[in-house]
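Chains as they are written, first to last, in this note's numbering: chain P, 15 to 302; chain B, 8 to 327.
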């Protein structure tokens with residue numbers, strides 16, 4: 015009898031806990047989605063409708079807002095998206111390839127400076143990029159490399175965090191036998207890396223490509239200091255430009271559309287690949 | 008199909024030549040894009056070098072004068088860099104404390120067999136999403152929603168909760184709350200996922216043993232989960248701190264770079280950015296960078312020692 019009563023109480027307790035937990039989860043999910051929901055709703059409303067008052071339901075001006083934003087004279091958003099896309103894709107390719115190459119060099123070979131090199135990369139991993147910004151900006155001005163894609167792409171060759179991820183991944187999935195058998199087959203060291211090792215690393219490369227693309231797409235600090243020509247500006251710089259303009263004179267429907275366009279590419283990729291991306295966040299942790 | 012011996016020997020694992028060659032691009036790029044700029048930054052901090060309108064002042068060697076200027080009280084008697092460092096810490100704490108507490112809570116919920124939460128993939132997808140959103144666009148969205156003519160004020164006015172529009176962006180508390188809310192939303196999902204992985208990495212039999220011994224959920228959490236999770240927790244807190252030190256995009260866009268009201272939401276990197284934009288004051292910007300470097304180097308050392316001790320897990324630099 016007492017056992018029954020106890021399990022009854024336990025079940026009730028569990029049910030209440032569950033209800034509270036689901037309530038918290040739903041509240042937090044609501045908080046995460048609400049602002050984006052408002053963004054999407056507001057991007058379907060005309061300026062007059064937006065001035066008139068709040069609405070939680072979409073209206074029919076999405077296409078019109080899109081046309082207005084896309085063809086705006088002062089903020090050339092298609093150009094901005096193209097610039098951001100070029101910079102972010104090149105960054106994603108360079109950073110993953112060279113990080114994998116560096117990780118492979120340290121993982122497979124034995125050489126005198128192997129340990130110091132590894133320790134050095136680990137030590138600089140946590141230094142914020144802003145700390146070297148002054149010298150970097152100055153150097154780029156001296157080399158006349160402002161309003162150029164290169165200073166925003168080339169530094170990604172040295173990405174300690176991506177390197178560390180690749181190194182961790184190699185330790186768990188890359189057996190030395192694969193490399194050795196490729197050597198016995200007479201493949202050169204460089205070819206072994208490109209044709210044998212890279213395919214094995216595909217999942218890690220894909221994850222890091224997505225993360226570095228997103229990070230570069232969203233990057234604001236350094237690009238804002240180096241790009242001031244209208245046709246070179248990236249999306250975050252345009253968003254900042256929007257903020258510094260006198261917003262009360264703006265067509266608000268267009269403003270919401272600009273914001274939506276800025277986040278849309280990443281949002282779409284995320285919705286398609288969310289499972290894969292979320293796994294990627296912890297892949298290093300699980301394997302470490 | 009045997010190949011000449013020479014080739015095998017040349018490609019031996021112990022052959023270091025290839026190792027050097029493979030890590031060379033990284034070190035060249037690092038030297039030119041980070042190391043030399045870093046040294047230039049330090050060097051600059053010892054010079055007077057800025058633009059005043061159209062005239063260029065300096066560069067002229069002034070020793071530690073920039074640092075003295077940095078720590079000299081201004082007309083109102085406050086020391087700029089200390090104030091902005093304080094702002095950065097306050098803004099970070101307001102976002103990071105709920106971020107870590109809630110993430111911890113969610114990680115325990117998601118990994119609990121007893122609770123057996125359904126729809127985990129959905130919840131994880133939703134709470135992680137803000138992490139990938141462009142911080143400046145997110146901040147601009149908050150600006151439009153909370154502006155005096157934005158939807159939030161429209162609702163407040165229409166419902167009679169306020170008789171005139173509230174200027175959220177000119178009230179110290181509300182600006183700070185908005186910045187922390189954004190930072191919280193952008194990072195709690197990420198932290199949840201990291202802590203979940205940490206909990207899943209704990210040997211399940213320890214939980215079972217505790218349960219058999221009659222421990223309740225609280226006891227299990229504080230006596231088993233927490234101690235075993237502490238290395239990853241320390242790591243999460245410190246990397247979040249280094250990220251917080253870099254806080255820039257969100258407050259910069261929300262306040263249009265002014266850190267209003269009365270510079271109460273001006274962060275360290277915003278301060279640095281101000282020196283770099285119009286006046287191109289490389290001297291003062293260099294001095295601010297050195298201060299930032301010292302703070303993050305101290306934090307890095309702590310991470311580095313905790314990292315080499317127990318737990319290995321890379322984390323991207325937080326971007327705000």
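Where is the CB? At the ideal position from N, CA and C, for every residue including glycine.
Proximity test, Cβ basis, 9 Å: residue i and chain P
i, result
"residue 201 of chain B", "yes"
"residue 296 of chain B", "yes"
"residue 37 of chain B", "yes"
"residue 168 of chain B", "no"
"residue 47 of chain B", "yes"
"residue 260 of chain B", "yes"
"residue 94 of chain B", "no"
"residue 44 of chain B", "yes"
"residue 131 of chain B", "yes"
"residue 34 of chain B", "yes"
"residue 27 of chain B", "yes"
"residue 121 of chain B", "yes"
"residue 266 of chain B", "no"
"residue 118 of chain B", "no"
"residue 30 of chain B", "yes"
Residue-chain proximity (residue i, chain B), Cβ-Cβ < 9 Å
i, result
"residue 49 of chain P", "yes"
"residue 31 of chain P", "yes"
"residue 163 of chain P", "no"
"residue 257 of chain P", "yes"
"residue 61 of chain P", "no"
"residue 300 of chain P", "Residue placement at residue 300 of chain P is poorly supported in this model, since its pLDDT is 37, which falls under 50; the coordinates still yield a value, given next. True, the Cβ-Cβ gap to chain B drops below 9 Å."
"residue 28 of chain P", "yes"
"residue 243 of chain P", "no"
"residue 46 of chain P", "yes"
"residue 107 of chain P", "no"
"residue 250 of chain P", "yes"
"residue 268 of chain P", "no"
"residue 64 of chain P", "yes"
"residue 271 of chain P", "no"
"residue 247 of chain P", "no"
"residue 52 of chain P", "yes"
Given residue i as reference, the closest of the options once Cα atoms are compared
i, options, result
"residue 53 of chain B", "B/216, B/167, B/70", "B/70"
"residue 133 of chain B", "B/257, B/273, B/282, B/200", "B/200"
"residue 296 of chain B", "B/35, B/182, B/232, B/45", "B/45"
"residue 4 of chain P", "P/176, P/205, P/170, P/211", "It is not possible to answer for residue 4 of chain P, since the shown part of chain P is limited to 15 through 302."
"residue 281 of chain P", "P/232, P/201, P/121", "P/232"
"residue 129 of chain P", "B/278, B/166, B/234, B/26", "B/26"
"residue 1 of chain B", "B/291, B/214, B/156", "Residue 1 of chain B cannot be examined here, being either before or after the span of chain B that is shown, 8 to 327."
"residue 147 of chain P", "B/302, B/294, B/84", "B/294"
"residue 126 of chain B", "P/29, P/268, P/35", "P/35"
"residue 92 of chain P", "P/199, P/57, P/111, P/246", "P/246"
"residue 110 of chain P", "P/120, P/61, P/209, P/176", "P/176"
"residue 335 of chain B", "B/165, B/136, B/176, B/166", "This structure leaves residue 335 of chain B out entirely; chain B is present only between 8 and 327."
"residue 187 of chain B", "B/100, B/23, B/302", "B/100"
"residue 294 of chain P", "P/179, P/197, P/235", "P/179"
"residue 25 of chain P", "B/42, B/141, B/121", "B/121"
"residue 223 of chain P", "P/287, P/235, P/196", "P/287"
Residues bridged to residue i [DSSP beta-bridge criterion]
i, result
"residue 229 of chain P", "None; residue 229 of chain P has no bridge partner."
"residue 62 of chain B", "B/59"
"residue 67 of chain B", "B/55"
What are the residues of the region 205-223 of chain B that lie near chain P, defined by any Cβ-Cβ distance shorter than 9 Å? 205, 207, 208
Would you call the region 130-137 of chain P and the region 280-292 of chain B touching, i.e. three or more CB-CB distances under 8 Å? no
Below 8 Å, can you find three or more Cβ-Cβ pairs linking the region 202-215 of chain B to the region 140-148 of chain B? no
Counting beta carbon pairs with one atom in the region 151-158 of chain P and one in the region 88-100 of chain P, are three or more of them shorter than 8 Å? no
Could you please tell me which residues of the region 134-152 of chain B, in chain order, have their CB closer than 9 Å to any CB of chain P? 134, 135, 136, 137, 138, 139, 140, 141, 142, 143, 144, 145, 146, 147, 148, 149, 150, 151, 152
Which residues, in order along the region 221-233 of chain P, keep a beta-carbon less than 8 Å from a beta-carbon of chain B? 225, 228, 229, 231, 232, 233
Under 8 Å, with one C-beta from each stretch per pair, do the region 231-249 of chain P and the region 229-247 of chain B reach the 3-pair mark? no
Closer than 8 Å, Cβ to any Cβ of chain B: which residues of the region 69-89 of chain P, in chain order? none
Of the residues that make up the region 114-129 of chain P, which ones have a beta carbon closer than 8 Å to any beta carbon in chain B? 115, 116, 118, 119, 120, 122, 123, 124, 125, 126, 127, 128
Got a sec: which bits of the region 64-94 of chain B sit with their beta carbon under 8 Å from any beta carbon on chain P, in order along the chain? none
Within the chosen definition, does the region 163-177 of chain P reach the region 29-38 of chain B through at least 3 CB pairs nearer than 8 Å? yes
Could you run through the region 133-144 of chain P and flag, in chain order, every residue whose CB is less than 8 Å away from some CB of chain B? 135, 136, 137, 138, 139, 140, 141, 142, 143, 144
Listed in chain order, which residues of the region 151-176 of chain P have Cβ atoms closer than 7 Å to some Cβ of chain B? 151, 152, 153, 168, 169, 171, 172, 175
Is the region 270-277 of chain B in contact with the region 90-105 of chain B, if contact means three or more CB pairs nearer than 8 Å? yes
Assess, as a yes-or-no matter, whether the region 264-272 of chain P is touched by the region 188-205 of chain P under the definition of 3 or more beta carbon pairs within less than 8 Å. no
Residues in the region 265-290 of chain B having any Cβ partner in chain P nearer than 8 Å: 276, 279, 280, 283, 284, 289
With 8 Å as the limit, tell me which residues of the region 96-109 of chain B have their beta carbon closer than that to any beta carbon of chain P; keep them in chain order. 109
Taking only beta carbons into account, state which residues of the region 238-250 of chain B come closer than 7 Å to chain P, listed in chain order. 249
Determine, using beta-carbon pairs with one atom in the region 180-195 of chain B and one in the region 100-109 of chain B, whether at least three such pairs fall under 8 Å. yes
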